[in-house]
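Take a look at the structure set out below.
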Amino acid sequence: MAESLDAADLDLVAALQRAPRAGVRLLADVLDMAASTVSRRLTRLVEARLLKVIGQLNWSVQPAHPQHLWISAQPGAAGQVAREVAALPETQFAAITSGRSDVYCILQPADRAANADLITERVGGIPGVAASHTEIALRSYASAATWQLDRLTHEQETRLRAENPAVRQDVRAELGEDERRVARALQEDGRASAADIARRLDLSQSTAYRIAQSLLERGIVIPRVEIEPAVLGYPLEAVISLTTELRAITGIAAELGRHPTARFVSTVAGTASMIYHGAFRDEDDLAGLLTGDLAALEGIKSVEVAVVLRVLTRYWLPREGVRLA
1 MAESLDAADL DLVAALQRAP RAGVRLLADV LDMAASTVSR RLTRLVEARL LKVIGQLNWS
61 VQPAHPQHLW ISAQPGAAGQ VAREVAALPE TQFAAITSGR SDVYCILQPA DRAANADLIT
121 ERVGGIPGVA ASHTEIALRS YASAATWQLD RLTHEQETRL RAENPAVRQD VRAELGEDER
181 RVARALQEDG RASAADIARR LDLSQSTAYR IAQSLLERGI VIPRVEIEPA VLGYPLEAVI
241 SLTTELRAIT GIAAELGRHP TARFVSTVAG TASMIYHGAF RDEDDLAGLL TGDLAALEGI
301 KSVEVAVVLR VLTRYWLPRE GVRLA
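In full-length UniProt numbering, the protein residues as written are 1 to 325.
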């Protein structure tokens with residue numbers, strides 16, 4: 001199929017972004033389509049490797065917070081460095097970028113003790129790496145799970161959001177072995193049913209349902225739609241490092257987290273105060289953020305922009321252009 005989507009496809013993606021686990025019948029009813037049409041379109045998007053629903057794990061259940069790593073490569077080596085970084089099992093995101101650094105990646109260390117070896121030895125030892133610097137993620141204000149197309153009516157959004165579990169705020173509880181297994185299953189397939197999980201993990205269906213619902217209600221697993229922004233009409237991505245006054249960090253991060261272009265916003269510990277990853281329709285759209293929205297915020301001291309040239313991996317899913325590998 002063509003890599004561009006028609007209006008009905010875009011409506012379906014927008015609906016899934018609001019309710020990633022919604023059944024075909026509900027999606028069809030909300031979008032005023034036949035259930036067979038919704039099923040056919042969804043199957044086509046998945047089989048074309050353009051779309052997949054996954055589960056995003058809450059940072060609180062990870063052994064360490066993500067590390068944002070900026071790498072400068074030796075001349076001509078950026079592509080190879082990016083490919084080797086993307087191949088690491090800890091690499092959540094990897095891209096070739098313009099700007100002061102050639103490669104930008106997000107790493108999820110196995111634990112705090114492994115962090116130094118991961119950054120200084122395993123990444124630092126990759127042939128072609130000339131220099132790097134790291135920012136440690138502190139608190140998230142937006143993620144790809146909150147970046148959504150603005151195509152639905154208020155009534156449609158309300159009906160879809162009612163399908164999602166009400167999230168409680170007790171996500172810091174320790175997970176048992178079965179909970180971790182179910183979380184991993186949902187991470188790989190955010191639309192997996194209790195029956196699917198039970199068969200895969202050799203659990204009873206009632207146990208699989210109870211654990212899955214608990215993980216979803218506690219916000220430990222957050223279902224989200226994986227699809228390249230370019231397919232949705234947002235071919236330009238930029239990663240913006242902002243340095244702000246200390247008193248302004250929380251307010252600015254919260255404000256940027258609500259911006260419609262925000263795919264990721266996190267405060268960090270490092271040379272910057274926060275990192276903003278946005279998706280834009282074109283350069284004029286990016287200029288509007290920089291000279292309009294950011295310029296209007298008090299407390300910003302400096303801004304550094306890196307344009308994403310090519311994404312190799314996004315949330316552990318390798319990319320081949322706009323397709324999921």
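Yeah, the Cβ is synthetic: ideal placement off N, Cα and C, and Gly gets one too.
Candidates the options: closest to residue i by CA position
{"i": "residue 243", "options": "152, 51 and 301", "result": "301"}
{"i": "residue 330", "options": "215, 299, 266 and 90", "result": "This structure cannot settle anything about residue 330, because the visible part of the chain is limited to 1 through 325."}
{"i": "residue 260", "options": "180, 247 and 141", "result": "141"}
{"i": "residue 346", "options": "102, 70, 123 and 61", "result": "Here the chain covers residues 1 to 325 and nothing more, so residue 346 does not appear."}
{"i": "residue 278", "options": "256, 49, 295 and 215", "result": "256"}
{"i": "residue 270", "options": "68, 24 and 59", "result": "68"}
{"i": "residue 218", "options": "246, 168, 138 and 208", "result": "168"}
Other residues of its chain near residue i: CB distance less than 7 Å, five sequence neighbours each side excluded
{"i": "residue 160", "result": "15, 18, 19, 22 and 30"}
{"i": "residue 241", "result": "272, 275 and 304"}
{"i": "residue 337", "result": "Since the displayed the chain opens at 1 and closes at 325, residue 337 lies outside it and no answer follows."}
{"i": "residue 249", "result": "267, 273 and 274"}
Those residues which DSSP pairs with residue i across a bridge
{"i": "residue 248", "result": "BP columns for residue 248 are empty, so no partner."}
Exposed unless 16 or more other CB atoms sit within 10 angstroms - verdict on residue i
{"i": "residue 291", "result": "exposed"}
{"i": "residue 98", "result": "exposed"}
{"i": "residue 65", "result": "buried"}
{"i": "residue 313", "result": "buried"}
{"i": "residue 321", "result": "exposed"}
{"i": "residue 128", "result": "buried"}
{"i": "residue 7", "result": "exposed"}
{"i": "residue 2", "result": "Any reading at residue 2 is ruled out, since the residue's pLDDT is 49, under 50, leaving its predicted position unreliable."}
{"i": "residue 174", "result": "exposed"}
{"i": "residue 263", "result": "buried"}
{"i": "residue 132", "result": "buried"}
{"i": "residue 44", "result": "exposed"}
6 Å Cβ shell around residue i - same chain, five flanking residues per side excluded
{"i": "residue 222", "result": "56 and 145"}
{"i": "residue 307", "result": "98 and 238"}
N-terminal and C-terminal residue of the alpha helix (DSSP H) that residue i is part of
{"i": "residue 197", "result": "194-201"}
{"i": "residue 259", "result": "Element bounds for residue 259: n/a, residue is neither H nor E."}
{"i": "residue 209", "result": "205-217"}
The beta strand (DSSP E) enclosing residue i, as first and last residue numbers
{"i": "residue 139", "result": "129-142"}
{"i": "residue 119", "result": "Element bounds for residue 119: n/a, residue is neither H nor E."}
CB contact below 8 Å: residue i versus chain C
{"i": "residue 137", "result": "In the structure shown, chain C does not exist; there is a single protein chain."}
Beta-carbon contacts of residue i that lie in its chain and below 8 Å, excluding the five residues immediately before and after
{"i": "residue 226", "result": "51, 52, 53, 54, 144, 314, 315, 317 and 324"}
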